[in-house]
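First residue of the sequence shown: 3, per our numbering; consecutive thereafter.
Glycine residues also receive a C-beta, built at the ideal position from the N, C-alpha and C atoms.
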Amino acid sequence: MVQPSDIPKVIQEAQQRLDLIFERLSVCPDTKQRLSVPHRMVEAAIPVRMDDGSLQVFRGWRVQFDLTRGPGKGGIRFHPSVNRDEVTALSFWMAIKCAVVDLPYGGAKGGVRVDPKKLSLLELERLSRGYMRAMADVIGPEVDIPGPDMNTDERIMGWMSDEYDTLIRQRRPAVITGKPVAMGGSRGRTSATGEGAAQVLQIWTEQQNQQPEDLNIAIQGIGNAGYYFARAAKRLGFNVVAVSDSSGAVYSADGLDVDAIYEHKRKHRELKGVSAKKGGEVSSLSNSELLALDVDILALAALENQITQDNAGNVRAKWLLEIANGPVAADADSILLDNDIVVIPDVLANTGGVIVSYFEWLQNRSADYWTSEQVTERMQEVIRTQSQQCFELAEKEQLDLRSAAYMQGIRRIAESMDARGTQSDFKNK
Ligand code: NAD
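Take a look at the structure:
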């Protein structure tokens, strides 16, 4: 029997956000118990020969939180603050996220405690290959499929995939996603998260009987996800009036030229000097001013915990789109709710990336590779169906969108667990 002391603190906290959902769904106590302890946690030492001949041992983790709905899915992050609890919490949220959009996956996550900026390229390659050697026994196309996350990219996924093939002496590209296209990666993966988020926003806009042309957007974090979101949102007719990065923010009421901004940022590594869409004036803002802009939509595409109980009261946007993972802290939820600000949650809004990762896995297993158009079309189909279901559930159950998305995910996980046998089956015998 699982005792409360067995449940990691991070999971207790995550589950507090879900208590209401467990209650409303009246899920069998088995499910809650199963979802309170990770299925498997692996902690490994990863020895790496450094360029100067010394040996450095890094610590790495892979946590598979729940595999009821399918093999584990979740990225691997390289960061100096990675720890077992963080990886565990992220693996839990991956289980929920995959279920929200009905992918046949469980939830997993991996990480290595390292500052990758301090490694040479060859040291980074040795570490990446070392991680795969350490975890190969618990990873596999039918067991657990990693992908990129913070500070890991397609080159690292390519090294890991190659290492796995070397270990098992077979070609198994479906072991990992986010690989370069030349190694079996999917077309459309790079833009998927941003494109997907824009589509979720479009569906919500339709649901609210509003026109994109009448709505303006401020975006915190014009990195990969933020840029592709801005580009797609503009194409759909929304007006992007402000963007920020870690160096500051820019604003133009006439709308910003997001392609020029991305190019400018690539060249100059900062936003100063960017241009507006119709040549209008561009003004500089601080990051906190961007968060408090009087816009229709605030899209958060930078980091976690950006809106907290300290600044939630300053938000003037009417909709908040969570493109980053966890950008709204749990303590800000009720403040936003009281101020009638709709939060479109991360577990729905940023699923474009994991959906296209699923497509990559499908393509690798069938050896049938899709065009970019096919990828986009199929991603849109999944996002439309799952977003509409979530928005309808919110309406029917009179829930905020975050609670509705959690309900959609937990219900699916619970159904899958129940299908394998429940306490009531036993009692009816
Ligand atoms: P990225 O590193 O490409 O971009 C992050 C951007 O945020 C950078 O431009 C950075 O300058 C900016 N930033 C950092 N701190 C900031 C601050 N305080 N204020 C304003 N801007 C700031 O990363 P990314 O891949 O775009 O990911 C962004 C977020 O989206 C992360 O939370 C990530 O976990 C999440 N996410 C990304 C993907 C994906 O496919 N890229 C998928 C799911 C979730």
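### Query
With burial defined as no fewer than 16 other Cβ atoms inside 10 Å of the residue's Cβ, what is the status of K181: buried or exposed?
What you label residue 181 is simply residue 179 of the sequence shown in a count that begins at 1. The residue in question, K181, is buried, as its Cβ has 16 or more Cβ neighbours within 10 Å.
#### Entry: Spatially closest choice to T353 from M137, G196, I299 and V116, by CA coordinates
As a position in the sequence shown, residue 353 is number 351, starting the count at 1. Per the C-alpha coordinates, the member of M137, G196, I299 and V116 positioned closest to T353 is G196.
### Query
If you run the structure through DSSP and keep just helix, strand and coil, what is V103?
The count along the sequence shown starts at 1 and reaches residue 103 at position 101. Residue state, collapsed to three classes: coil.
### Message
Quick check: does the Cβ of N153 come within less than 6 angstroms of any heavy atom belonging to the ligand NAD?
### Response
Against the sequence shown, residue 153 aligns to sequence position 151. No, the Cβ of N153 stays beyond 6 angstroms of every heavy atom of the ligand NAD.
### Task
Would you mind stating whether L302 and Q308 have Cβ atoms separated by less than 7 angstroms?
The residue labelled residue 302 in the question sits at position 300 within the sequence shown. The residue labelled residue 308 in the question sits at position 306 within the sequence shown. In this structure, L302 sits near Q308, with a CB-CB distance shorter than 7 angstroms.
### Message
Is the separation between the beta-carbon of M96 and that of G76 shorter than 7 angstroms?
### Response
Taking the first residue of the sequence shown as 1, we reach residue 96 at position 94. Taking the first residue of the sequence shown as 1, we reach residue 76 at position 74. Yes, these two residues count as a Cβ contact at 7 angstroms.
#### Entry: Continuous beta strand (DSSP E) stretch holding N241: start and end
The residue given as residue 241 occupies position 239 in the sequence shown. Start and end: N241 to D247.
### Task
Measure the alpha-carbon distance for Q212 versus A200 and round it to whole angstroms.
Position 210 of the sequence shown, counting from 1, holds the residue named residue 212. Position 198 of the sequence shown, counting from 1, holds the residue named residue 200. Taking C-alpha positions only, Q212 is separated from A200 by approximately 15 angstroms.
### Message
Beta-carbon within less than 6 angstroms of V145's beta-carbon, same chain only, minus the 5 sequence neighbours each way: which residues are those?
### Response
The residue given as residue 145 occupies position 143 in the sequence shown. Excluding residues within five positions, the ones whose Cβ falls inside 6 angstroms are P73.
### Task
Indicate the three-state DSSP secondary structure (helix, strand or coil) for Q222 in the structure shown.
Position 220 of the sequence shown, counting from 1, holds the residue named residue 222. Three-state result, Q222: strand.
### Query
Taking the C-alpha atoms as reference points, what is the distance between G160 and V177?
For the purposes of this step, residue 160 is identified with residue 158 of the sequence shown, where counting begins at 1. For the purposes of this step, residue 177 is identified with residue 175 of the sequence shown, where counting begins at 1. Rounded to whole angstroms, the gap between the alpha carbons of G160 and V177 is 11 angstroms.
### Query
Could you give the uninterrupted runs of the beta strand (DSSP E) lying entirely in the stretch 104-137, keeping only those of 3 residues or more?
Qualifying beta strand (DSSP E) stretches, in chain order: 109-115.
### Query
Mind checking whether the beta-carbon of L92 lies closer than 6 angstroms to any heavy atom of the ligand NAD?
What you label residue 92 is simply residue 90 of the sequence shown in a count that begins at 1. Every heavy atom of the ligand NAD is 6 angstroms or more from the Cβ of L92, so no.
### Task
Drop a sphere of 10 angstroms on the beta-carbon of T387, count the other beta-carbons inside from all chains shown, and report buried for 16 or more, exposed for fewer.
Your numbering for residue 387 matches position 385 in the sequence shown. Exposed, by the Cβ-count rule.
### Query
Relative to the C-alpha of V297, which residue among A227, I219 and K267 is closest?
Along the sequence shown, one-based indexing puts residue 297 at 295. I219 is the residue among A227, I219 and K267 whose C-alpha sits nearest the C-alpha of V297.
### Message
Can you tell me whether K236 is buried or exposed? The criterion is at least 16 other CB atoms within 10 Å of its CB, across all chains shown.
### Response
Here residue 236 corresponds to residue number 234 of the sequence shown, with the count starting at 1. Buried, since its Cβ has 16 or more Cβ neighbours within 10 Å.
### Query
On the three-state DSSP scale, how would you describe R271?
Taking the sequence shown and counting its residues from 1, the one referred to as residue 271 is at position 269. Of the three classes helix, strand and coil, the one that applies to R271 here is coil, per DSSP.
### Message
Mapping the DSSP letters down to three states, classify Y253 as helix, strand or coil.
### Response
Position 251 of the sequence shown, counted from the first residue, corresponds to residue 253. In this structure, Y253 counts as strand in the three-state DSSP scheme.
### Query
Is it a yes or a no for the stretch 336-347 touching the stretch 254-268, going by three-plus beta-carbon pairs under 8 angstroms?
Touching, no.
### Own chain, CB closer than 7 angstroms to M185, minus 5 neighbours either side, in chain order
Position 183 of the sequence shown, counting from 1, holds the residue named residue 185. So the qualifying residues of the chain are G160, S163 and P175.
### Task
Check whether the stretch 48-57 touches the stretch 78-89, counting contact only when three or more Cβ pairs, one atom from each stretch, lie closer than 8 angstroms.
Contact between the stretch 48-57 and the stretch 78-89 is not established, with fewer than three Cβ pairs separated by less than 8 angstroms.
### Cutoff 7 angstroms; reference P347; Cβ partners in own chain excluding five residues on either side
Within the sequence shown, the letter at position 345 stands for residue 347. The beta carbon of P347 sits closer than 7 angstroms to those of E324, L403, R404 and A407, all from its chain and outside the five residues before and after it, given in chain order.
### Task
Just the C-alpha distance for C30 and D68, rounded to the nearest angstrom, thanks.
As a working note, residue 30 is residue 28 in the sequence shown. As a working note, residue 68 is residue 66 in the sequence shown. When only Cα atoms are considered, C30 and D68 end up about 16 angstroms apart.
### Query
At what residues does the alpha helix (DSSP H) containing G149 begin and finish?
On the sequence shown, residue 149 is found 147 positions in, with the first residue counted as 1. Segment D146 to P150 is the beta strand (DSSP E) holding G149; no alpha helix (DSSP H) there.
### Query
Three-state secondary structure (DSSP) at P40?
On the sequence shown, residue 40 is found 38 positions in, with the first residue counted as 1. P40: coil per DSSP, three-state reduction.
### Buried versus exposed, by CB contacts within 10 Å (16 or more), K269
Residue numbering aside, residue 269 sits at position 267 when the sequence shown is read from its first letter. It counts as exposed.
### Task
Can you grab the Cα-Cα spacing for the pair Y166 / P143, in whole Å?
To locate residue 166, count along the sequence shown from 1; it is residue 164. To locate residue 143, count along the sequence shown from 1; it is residue 141. Taking C-alpha positions only, Y166 is separated from P143 by approximately 11 angstroms.
### Query
Just the Cα atoms here: how many angstroms apart are L203 and S56?
As a working note, residue 203 is residue 201 in the sequence shown. As a working note, residue 56 is residue 54 in the sequence shown. In this structure, the CA atom of L203 is about 51 angstroms from the CA atom of S56.
### Message
Rounded to the nearest angstrom, what separates L292 and E265 at their Cα positions?
### Response
Here residue 292 is taken as the residue at index 290 of the sequence shown, counted from 1. Here residue 265 is taken as the residue at index 263 of the sequence shown, counted from 1. Their backbone Cα atoms lie some 21 angstroms apart in a straight line.
### Query
The alpha helix (DSSP H) with K320 in it runs from where to where?
Here residue 320 is taken as the residue at index 318 of the sequence shown, counted from 1. For K320, there is no enclosing alpha helix (DSSP H), as DSSP gives it neither H nor E.
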